[in-house]
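With the numbering used here as the guide, the letters of the sequence shown map in order to residues 76 to 158.
Input: a single structure, listed below in structure tokens.
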Amino acid sequence: PSTGMGAPWTFVTGTPNPGWDDVVEPNNDEYQGELSIDTAGIYDYAARISGDSGTTWVYCDLDDLLNGGYTPDQAGHAEVGQV
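Below you can see the structure in the form of structure tokens.
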């Protein structure tokens, strides 16, 4: 993407979590997706959301959007062993 995320990324479709209770966290939404990584290594992960059917995207990491959207130091990390 042209947002400074660097190397190629692969995105999966997220779906609303049916078990999410917005009464407890009324200002949050919870989506889930399944990662499939078939090559050993260390990977970063992030999320992106769109409010206009994919015309524009906001890239997200582990801290909130008030801290600038996506930054590599706040990305999630996944370590995959030999497969």
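Backbone N, C-alpha and C fix where the C-beta goes; we use that ideal spot for every residue, glycine too.
Annotation for VAL155: the continuous beta strand (DSSP E) segment containing it runs 151-155. Pairing PRO83 with TYR120, the inter-Cα distance amounts to about 12 Å. By the CB criterion at 9 Å, ASP104 and PRO91 fall inside the cutoff. Here TYR118 is bridged, per DSSP, to ALA153. When beta bridges are read from the DSSP output, THR90 appears opposite GLN107.
For TYR134, the enclosing beta strand (DSSP E) covers residues 133-135. Spatial neighbours of GLN149 in its own chain (CB-CB distance under 6 Å, excluding positions within 5 residues in sequence) are listed in chain order as ASP136, LEU137 and ASP138. With a 10 Å radius around the Cβ and a threshold of 16 neighbouring Cβ atoms, GLY129 comes out exposed.
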